[in-house]
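S.K.: In my numbering, the protein residues as written are 459 to 688. Note that CB positions come from ideal geometry on N, CA and C, so glycine has one too. Quick caveat: nothing in here was measured; it's all calculated off a predicted structure.
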Amino acid sequence: MHVAIIMDGNGRWAAARGWPRLAGHRAGGEAVRRSVEAAGALDVDVLTLYAFSSDNWRRPAEETSGLLRLFEQYLRSEPAKCLEKGVRINVIGRRDRLGAPLVSAIESAERITAAARGLWLRVAVDYSSRDAILSAAERARGLAPLTRERFGALLAQASHSQGSAPEVDLLIRTGGEQRLSDFLLWECAYAELFFLDKMWPDFEAADLEACLKDFRSRSRRFGALPVAAA
Ligand code: IPE
Ligand code: IPE
Ligand code: MG
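1) Go ahead and pull the three-state DSSP assignment for residue 480.
2) Check the C-beta distance from residue 496 over to residue 629 and give it rounded, since I have them as a contact under 8 angstroms.
3) Please tell me whether, using a cut-off of 7 angstroms, the distance from the CB of residue 658 to the nearest non-hydrogen atom of ligand 4 is below it.
4) Is it right to say residue 667 is buried, meaning 16 or more other beta carbons lie within 10 angstroms of its own, or is it exposed?
5) Can you grab the Cα-Cα spacing for the pair residue 526 / residue 585, in whole Å?
6) Examine the Cβ distances between the stretch 463 to 476 and the stretch 658 to 674 and report whether three or more of them are shorter than 8 angstroms.
7) Classify residue 613: buried if its beta carbon has 16 or more other beta carbons within 10 angstroms, exposed otherwise.
8) Any heavy atom of ligand 3 within a distance shorter than 7 angstroms of the CB on residue 640?
9) For residue 596, count neighbouring Cβ atoms within 10 angstroms of its own Cβ and tell me buried if that reaches 16, exposed if not.
10) In whole angstroms, give me the CA-to-CA distance for residue 405 and residue 564.
11) Which value, in whole angstroms, describes the spacing of the CA atoms of residue 470 and residue 517?
12) From what residue to what residue does the beta strand (DSSP E) around residue 504 run?
13) Take every Cβ of the stretch 537 to 552, pair it with every Cβ of the stretch 572 to 580, and state whether three or more of those distances are shorter than 8 angstroms.
14) Mind listing, in chain order, the continuous beta strand (DSSP E) runs of no fewer than 3 residues lying wholly within the stretch 558 to 629?
15) Answer yes or no: the CB of residue 564 versus the heavy atoms of ligand 2, is any distance below 7 angstroms?
16) Name the DSSP bridge partner or partners of residue 461?
17) Specify the secondary structure class of residue 650 as computed by DSSP and reduced to three states.
18) DSSP state of residue 549, grouped into three classes?
19) For residue 499, which three-state DSSP category applies?
20) Do the CB positions of residue 561 and residue 507 come within less than 8 angstroms of each other?
21) Using only alpha-carbon positions, find the residue among 671, 568, 685 that is nearest to residue 500.
22) Less than 6 angstroms between C-beta atoms, sequence neighbours within five positions excluded: which residues of the same chain meet that for residue 669?
23) Rounded to whole angstroms, what's the CA-CA distance from residue 533 to residue 567? Just pull it up for me.
24) Leaving aside the five residues before and after residue 609 along the sequence, list all residues of the same chain whose C-beta is less than 7 angstroms from its C-beta, in chain order.
Structure below.
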């Protein structure tokens, strides 16, 4: 079971309270902790969280540096707890535009939790699905025959994913917008989509549980006929 979440709405959540956007991102960090814990308890195998898109560099430097600082704090404070709970941390996306201390925090979080065998937590930072696909296509040059599986492995290499992630089963976006914003375009081919009006800092374990319950009631056909008709 692969759940992916576009964690949107931190800025609006803060603005509604008259607070700076960064306060929203800080509250968003708490929602991440809750969700990781809930995902583990709900038997999710892979959780991919969209934390910072490559297009988010277009925001003011004050916000991007604040966000990345929060992310670094998370990576420094969580690994021991994660390992205890069997959570393996893996940061996907580009690393060449991140500061050295953040890259070292990423590498150390991945190293510390490498042996965890429970939830595979992938956090997307400086991530663009189109760029990952382009980079995988570059790597695929001259490789024949190129299958979906092989391409998936190249995609993983191109984005620092520790192995090919299974296709996304369930994609959730909070914050009310109904778009993908360049997230997991290849992996979401048959994902079930859930768009929630709630802002990300308000996301609770019960919301994830409700999405999973609804997901189980959906009829996934992958182009074939429903099971009964077939
Ligand atoms: C999501 O919240 C977090 C990131 C994109 C980094 P936003 O910061 O996009 O919040 P809104 O959409 O402006 O409310
Ligand atoms: C998508 O949210 C990226 C993350 C949640 C990290 P954005 O707020 O950046 O997306 P757009 O600009 O509304 O499409
Ligand atoms: Mg947004």
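M.R.: Once the coordinates are examined:
1) The three-state reading of DSSP puts residue 480 in helix, counting H, G and I together.
2) That pair is no contact at about 16 angstroms.
3) Questions concerning ligand 4 fall outside what the structure shown contains, since the ligands it does hold are ligand 1, ligand 2 and ligand 3.
4) With fewer than 16 Cβ atoms within 10 Å of its Cβ, residue 667 is classed as exposed.
5) One C-alpha to the other measures close to 13 angstroms.
6) The stretch 463 to 476, when compared against the stretch 658 to 674, does touch it at the 8 angstroms Cβ threshold.
7) Buried, because 16 or more other Cβ atoms sit within 10 Å of the Cβ of residue 613.
8) For ligand 3, not one heavy atom lies less than 7 angstroms from the Cβ of residue 640.
9) Looking at its Cβ environment, which holds fewer than 16 other Cβ atoms inside 10 Å, residue 596 is exposed.
10) Here the chain has residues from 459 to 688 only, and residue 405 is not among them.
11) Using only the alpha carbons, I get a separation of about 15 angstroms.
12) Counted as a single uninterrupted DSSP element, the beta strand (DSSP E) harbouring residue 504 occupies residues 504 to 511.
13) Yes, the stretch 537 to 552 touches the stretch 572 to 580.
14) Listed in chain order, they are 578 to 585.
15) No heavy atom of ligand 2 is found nearer than 7 angstroms to the CB of residue 564.
16) Looking at the DSSP assignment, residue 461 forms a beta bridge with 505, 628.
17) Strand, per DSSP.
18) Residue 549: strand per DSSP, three-state reduction.
19) Looking at residue 499 - three-state DSSP - the assignment turns out to be helix.
20) No, the pair does not count as a contact, with Cβ atoms beyond the cut-off.
21) Checking every option, the nearest Cα to that of residue 500 belongs to 671.
22) If the five residues before and after residue 669 are omitted, its C-beta is found closer than 6 angstroms to the C-beta atoms of 630, 652, all from its own chain and listed in chain order.
23) Computed Cα separation, rounded: 6 angstroms.
24) Cβ neighbours of residue 609 beyond the five flanking positions: 594, 598.
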